[in-house]
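Chemist: Those protein sequence lines, which keep their order, are chains A and B. Residues 2 to 131 (the working numbering) are what the first sequence spells out, left to right. Residues 89 to 452 (the working numbering) are what the second sequence spells out, left to right. A virtual CB, placed ideally from N, CA and C, is assigned to each residue, including glycine. I have a structure I would like to understand better, so I am pasting it below and will then ask my questions one at a time.
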Amino acid sequence: MSNTPEDLKYTKEHEWVRDNGDGTLTVGITDHAQDALGDLVYIEMPEVGRQVDAAEACAVVESVKAASDIYSPVGGEVTEVNVALGDAPETINDDPYDAGWMFKLRMSDASQLDGLLDAAGYEALVAEEE
Amino acid sequence: MGLKTPLFAEHQALDARIVPFGGWDMPLHYGSQLQEHHSVRRDAGMFDVSHMQVVDLDGSGATSFLRHLIANDVAKPQTPGKALYSCMLNERGGVVDDLIVYFHALDQYRMVVNAATAEKDLAWMQKQGSSFDIDICPRRDLAMIAVQGPSARAKAVDLIPAGLREQANGLAPFAAAEQGDWFTGRTGYTGEDGFEIICPAGEAPDLWQGLLNVGVAPCGLGARDTLRLEAGMNLYGQDMDEDVGPLESGLGWTIAWEPADRDFIGRNALQTQREQGGLRRFVGLLLTGRGVLRGHQEIRSGGKPAGEITSGGFAPTLQRSIAFARVAPDVGAECEVLIRGKTVPARVVKPPFVRNGRPCIDLL
């Protein structure tokens with residue numbers, strides 16, 4: 002059973018979103034996603050300053066098996082990326098919700114958060130997919 | 089729902105991630121394929137390879153049959169325990185499968201062929217062997233465990249039956265020994281030392297447990313693939329298939345052209361290929377830019393398409409991405425690979441990439 006923290010929001014593409022309370026969000030991939038992908042070996046991050054739309058592909062995670070696109074959960078501007086993942090992509094496997102955070106966004110429209118899933122909604126999605 | 093080896097319950101007990109492979113339900117990994125890869129390079133790991141097909145072949149026509157059937161020559165390994173790696177070709181010179189043949193006694197051989205191609209191979213052998221005095225016996229009563237790594241032989245040897253143990257201990261690389269239904273080869277698909285042990289199916293779970301108890305790490309297909317790629321070993325179905333021959337797959341060294349009058353299937357087609365020239369080269373690649381090389385990615389040289397990757401991935405021991413590729417003959421020391429729409433630089437290198445735990449190529 003994958004871990005799905007209650008205090009986060011989720012997308013259908015298996016990203017998690019933490020509202021930092023200051024207009025920015027932190028984004029990563031879920032425990033379910035890292036488990037399905039397997040050992041991660043390479044991460045491609047968006048550039049700081051890049052404007053992204055909701056659902057736009059903006060990062061790539063590569064496991065030993067395959068490459069997987071990561072989509073921005075909301076529209077906004079990339080403010081920070083977790084550069085430590087460059088040398089240690091396996092951090093996402095070990096700790097997907099904390100040390101494995103991928104990038105931060107300044108939201109352009111906070112109401113887009115309402116369209117995201119809560120923990121129960123995400124768990125239901127995962128159960129359906131299995 | 090695929091076929092299950094005699095060790096399936098062991099994999100379930102260890103919480104393996106099971107995936108379909110060539111008609112079988114096999115362990116992909118037991119938690120982390122990267123850790124499993126490192127276990128083999130640094131210590132000892134084991135693979136359930138019972139899905140591979142053991143075929144025993146005997147009869148007065150066995151030697152002449154094999155000298156016709158496969159591109160390497162079984163006249164070479166004619167003492168007990170000697171082994172031969174070979175391709176089995178079709179009339180067009182394409183590869184039906186790659187396999188190992190072991191000499192047991194005069195006109196008595198054991199072959200080990202790939203799991204995904206077993207049915208095809210057996211049908212091919214039956215057809216090609218119809219005019220020879222031979223018995224072709226697929227052995228489904230046996231299991232096989234590959235124990236690989238610098239500590240593998242030391243850890244495995246006490247689990248081999250007493251009557252076979254001393255012989256197993258004394259094996260030269262690529263030689264085999266057997267007693268009754270137990271068989272040990274100092275062979276493998278990882279580039280490390282080790283044994284491939286064949287035993288009766290009913291005895292395999294005890295062997296597996298015994299190996300676990302002495303600290304051999306269970307390893308799945310994921311690690312098997314990263315290990316063999318680093319070791320410069322081809323994978324049938326990816327690096328070669330029925331439409332491409334050994335000369336364009338880095339397997340020219342497995343063809344025994346002499347004696348010139350040995351008429352093996354595919355000889356004429358290969359001869360024609362050699363005479364015509366212009367054959368594509370099978371090379372190793374080391375990605376110098378960032379990313380991961382993957383099968384079917386396009387190679388570019390001088391801005392033009394120049395071939396494609398056959399097997400690619402991340403090499404855990406090197407911490408770099410590597411690949412095999414089939415390229416135009418004029419590709420030089422550097423090329424580019426099209427990765428998701430971007431050209432990324434790569435260097436052409438000669439495999440193997442890793443042997444006995446150490447890089448064999450220049451990583452700088």
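(1) For the segment 91 to 109 of chain A, enumerate the residues whose C-beta is nearer than 9 Å to any C-beta of chain B, in chain order.
(2) Given that residue 121 (chain B) touches chain A, what residues does it touch there, using C-beta distances under 7 Å?
(3) Determine the burial state of residue 100 (chain B): buried for a count of at least 16 other Cβ atoms within 10 Å of its Cβ, exposed for fewer.
(4) What residues from chain A crowd round residue 453 (chain B), counting only those whose CB sits closer than 8 Å?
(5) I believe residue 403 (chain B) touches residue 280 (chain B) by the beta-carbon criterion, under 8 Å. Please report the beta-carbon distance rounded to the nearest angstrom.
(6) Per DSSP, residue 10 (chain A) forms a beta bridge with which residues?
(7) Measure from the C-beta of residue 376 (chain B) to each C-beta in chain A and report whether the shortest distance is under 8 Å.
(8) Please list, in chain order, the chain A residues whose beta carbon lies closer than 9 Å to that of residue 419 (chain B).
(9) Among residues of its own chain, excluding the 5 on either side of residue 65 (chain B), which ones have a beta-carbon nearer than 8 Å to its beta-carbon?
(10) So with CB distances below 8 Å, who are the chain A contacts of residue 380 (chain B)?
(11) Do three or more CB pairs link the segment 117 to 128 of chain B to the segment 31 to 49 of chain A at distances below 8 Å?
(12) For the segment 229 to 246 of chain B and the segment 124 to 142 of chain B, state whether three or more C-beta atom pairs, one from each stretch, are separated by less than 8 Å.
(13) Is the CB-CB distance between residue 400 (chain B) and residue 124 (chain B) below 8 Å?
(14) Would residue 120 (chain A) pass as a contact of residue 12 (chain A) if the rule is Cβ separation under 8 Å?
(15) I want to verify the contact list: residues of chain A whose CB lies under 7 Å from the CB of residue 360 (chain B), in sequence order.
(16) Please specify which runs of the alpha helix (DSSP H), each continuous and at least 4 residues long, are wholly inside the segment 198 to 233 of chain B, giving them in chain order.
(17) Does DSSP put residue 127 (chain B) in a helix, in a strand, or in coil?
(18) For residue 334 (chain B), name the three-state secondary structure that DSSP assigns.
(19) Name, please, each residue of chain A whose Cβ falls closer than 9 Å to the Cβ of residue 314 (chain B).
(20) What are the boundary residues of the alpha helix (DSSP H) that residue 313 (chain B) is part of?
(21) For residue 167 (chain B), count neighbouring C-beta atoms within 10 Å of its own C-beta (all shown protein chains included) and say buried if the count is 16 or more, exposed if not.
(22) Using a Cβ cut-off of 8 Å, pull out every chain A residue sitting near residue 401 (chain B), in sequence order please.
(23) Scan the segment 65 to 123 of chain A and note each continuous alpha helix (DSSP H) run of 4 residues or more that stays entirely inside, going in chain order.
(24) If you follow the beta strand (DSSP E) that residue 117 (chain B) is part of, which residue opens it and which one closes it?
(25) List the residues of chain A whose Cβ lies closer than 9 Å to the Cβ of residue 310 (chain B), in chain order.
(26) Suppose contacts are defined by Cβ-Cβ distances below 8 Å. Is residue 416 (chain B) in contact with residue 435 (chain B) by that definition?
(27) Under 8 Å, with one C-beta from each stretch per pair, do the segment 364 to 384 of chain B and the segment 289 to 303 of chain B reach the 3-pair mark?
(28) Can you tell me whether residue 390 (chain B) is buried or exposed, with buried defined as 16 or more other CB within 10 angstroms of its CB?
(29) Between the C-alpha atoms of residue 60 (chain A) and residue 70 (chain A), what's the straight-line distance to the nearest angstrom?
(30) In terms of DSSP beta bridges, what is residue 447 (chain B) paired with?
(31) In this structure, does DSSP put residue 241 (chain B) in helix, strand or coil?
(32) Opposite residue 283 (chain B) in the DSSP bridges: which residues?
(33) Tell me the residue span of the beta strand (DSSP E) that contains residue 402 (chain B).
Modeler: Looking at the coordinates:
(1) 91, 94
(2) 39, 40, 65
(3) exposed
(4) Nothing can be reported for residue 453 (chain B), as the shown portion of chain B is limited to 89 through 452.
(5) About 14 Å separates the two Cβ atoms, so there is no contact after all.
(6) A:18
(7) no
(8) Under the 9 Å cutoff, chain A gives no residues; its nearest Cβ is about 25 Å from residue 419 (chain B).
(9) No statement about residue 65 (chain B) is possible, as the shown extent of chain B runs from 89 to 452 and does not include it.
(10) 42, 43, 63, 68
(11) yes
(12) yes
(13) no
(14) no
(15) Going along chain A, no residue has its Cβ under 7 Å from residue 360 (chain B), so there is no contact; the nearest lies around 39 Å.
(16) 206 to 216
(17) helix
(18) helix
(19) 65
(20) 309 to 318
(21) exposed
(22) 65
(23) 92 to 95
(24) 112 to 117
(25) 39, 40, 65, 66
(26) no
(27) no
(28) exposed
(29) 6 Å
(30) B:442
(31) helix
(32) B:235
(33) 392 to 403
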